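Worksheet: one structure, shown below.
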Amino acid sequence: MFDNLSLKLDRAFKTLKGTGKITEINVATTVKEIRRALIDADVNYKVAKEVTDKIKNEALGRDVLISVSPGQLLVKITQEELTKLMGGSKVDIKLTGDPAVILISGLQGSGKTTFTGKLGAFLKKQGRQVLLVACDIYRPAAIDQLKVLGEQIGVEVYAEPENKNAIEIANNAIAYAKKTGKKTVIVDTAGRLAVDEQMMNEIEALKKALNPSETLFVVDSMTGQDAVNTAKTFDERLDFDGVVLTKLDGDTRGGAAISIRHVVEKPIKFISTGEKMENLDVFHPDRMAQRILGMGDVISLVERAQQSFDEEEAKRINAKIRKNSFDFEDFLSQLEQVKKMGNIKDLMGMIPGMGKAMKGLDIDDDSFKPIEAIIRSMTPFERQNPDVIDGSRRKRIANGSGRNITEVNNLMKQFADMRKLMKQMNKMGGAKAAMSRMMPGMGKR
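The sequence shown stops at residue 445 when you use the numbering used here, and every number in between is there.
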């Protein structure tokens, strides 16, 4: 979503390249380009002007260190100002009460029900007993959708399909949660195609009756400034606690993500990408600013890896690598773990410098499928003993997987190269250990 903005900001900073010092003239040119880039990204004009004025004043007020170029200094100042604009620091959701009640609000099509499922999975991972409540009594498929999501993540869904009173359903659900020991209740509410009086009255009455510890407003970030205006209208009536930005993996301009916090004065608490239940992240303004400026977001990448990778499995794989016995079964297992981390292009964008390199590249999440098809066409014996896979076996694997022999040969070669590299690393580790054993003896002499 931020690809175009990142590219334009990068161009803006390049106007300062080769400049020995910051002056009012060269900063004015760069700041003008930054403002244009923000407005092109659908950032509210007043917000874009305000933030660029701050960048300009900050830049002119700072001395440039000998070791830092004016361009680098301006990148740092822009990062600081974007971070402040998006809230400064992360804000956690409040989970008070027994049970803690979270009310989900937003327009139809914003991704409310999908987010309800994702939040359920997120809180379940934290060890909380969760109950999802289907209070969208108007959209026929909403209850079924929530039930499917609940089944997917292993979380119970409370629904009363025949009841058309949302407040009654929600109160019954809370009573059920108390009876069954559920500590968190997430209430999915009805949306409309546009803000209307009936909808606002209903959600207001629901909030008053439930007195939730947290009210979240879900907004489709692809709707641009409309998203900001809708959030403002909802907040005036509902006084929600935080914003959830969905569809952040879309290809629109992303200005809503930057200006919504400043306009509505409520924190962004979560960002959601894709349809997978794991694709939900706590919003960190500083990390988002880094990603917009093409600096990557290594911390979020590591956190996703920690959430997705099984510790015991990692230890088992590590032991096999040390014994030089890593096989296709292990490779397949690692592939599954990587897929759990989310959209591949999104992950690559978290690596510093990769954002620009990925510009224009279309990386499909199905790109692993040919590899999986080839490995799954091997027998268990072949997967565990890759060295036995000769020409005739490769031909059979190619036929079974629906891939051509060249693809099978390429995979075999890449796998062999990877094993060779693992072997070399093991040898280096052994040499290092031997050296460390020798060093204390050398010190005694």
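We treat Cβ as the ideally placed atom computed from N, Cα and C, and that holds for glycine.
The structure displayed is predicted, hence computed values, not measured ones.
Best match in the options for proximity to residue i [C-alpha to C-alpha]
i, options, result
"L132", "E265, T52, K118", "K118"
"S377", "S367, N57, I397, A166", "I397"
"D226", "L280, S259, D53", "S259"
"N171", "R393, K395, A41, K207", "K207"
"I446", "K179, D188, V155", "Within the shown structure, residues of the chain are numbered from 1 to 445, placing residue 446 beyond reach of any answer."
"E336", "A319, N324, K320, S367", "S367"
"A205", "I317, R237, A159", "R237"
"G109", "S221, A319, L411", "S221"
"K179", "N165, L85, I34, Y158", "Y158"
"I55", "D42, S89, E33", "E33"
"N211", "V243, R261, I167", "I167"
"N163", "F415, I143, V155, Q334", "I143"
"L123", "A209, I405, V155", "V155"
"M200", "D235, Y176, A177", "D235"
"S89", "F270, K420, N410", "F270"
"P446", "P380, T406, T379", "The question about residue 446 has no answer, for the chain in this structure spans 1 to 445."
"A177", "N165, K147, R128", "R128"
"V282", "V243, K315, K320", "V243"
Environment of residue i [buried if 16+ CB atoms lie within 10 Å]
i, result
"P161", "exposed"
"E81", "buried"
"Q198", "exposed"
"G181", "exposed"
"M288", "buried"
"E202", "buried"
"Q290", "buried"
"G87", "buried"
"T246", "buried"
"T96", "exposed"
"I25", "exposed"
"A28", "exposed"
"S392", "exposed"
"D239", "exposed"
"S401", "buried"
"D92", "exposed"
"K266", "buried"
"A319", "exposed"
CB-CB length for residue i against residue j, believed under 8 Å
i, j, result
"I186", "V130", "7 Å"
"L332", "E372", "7 Å"
"F326", "M422", "6 Å"
"D98", "K183", "7 Å"
"T83", "P285", "5 Å"
"E329", "Q384", "6 Å"
"K49", "R35", "7 Å"
"M412", "I389", "6 Å"
Close beta carbons around residue i, own chain, < 8 Å, minus the five adjacent residues each side
i, result
"M455", "Missing from the structure shown is residue 455; the chain here goes from 1 to 445 and no further."
"V263", "N44, V47, V228, A231, K232"
"R315", "The sequence as given places Lys at residue 315; Arg does not occur at that position. Correct list: empty, nothing qualifies."
"E275", "T114"
Residues of its chain near residue i, where Cβ-Cβ distance is below 7 Å and the 5 sequence neighbours each way are ignored
i, result
"Q460", "What is shown of the chain runs 1 to 445, which leaves residue 460 out entirely."
"G106", "K112, G191, F217, V218, V219"
"V408", "I374, R394, I397, A398"
"E322", "Residue 322 is actually Arg in this sequence, not Glu. Excluding sequence neighbours, R322 sits near N426."
"P386", "D327, F328, F415"
"N404", "A398"
"I39", "Y45, A48"
Own chain partners of residue i with C-beta closer than 6 Å, once the 5 adjacent residues on each side are dropped
i, result
"K94", "S213, E214"
"I317", "D330"
"T52", "V31, I34, R35"
"R261", "M86, G87, I268"
"N324", "K423"
"V338", "none"
Residue-level contact to chain D via CB, residue i, 8 Å cutoff
i, result
"L149", "Here chain D cannot be found, since the structure has a single protein chain."
The region 107-117 touching the region 136-150, judged by at least three CB pairs closer than 8 Å: Judged by Cβ distances under 8 Å, the region 107-117 makes contact with the region 136-150, as three or more pairs qualify.
Cβ pair count under 8 Å reaching 3, the region 199-218 against the region 96-105: Judged by Cβ distances under 8 Å, the region 199-218 makes contact with the region 96-105, as three or more pairs qualify.
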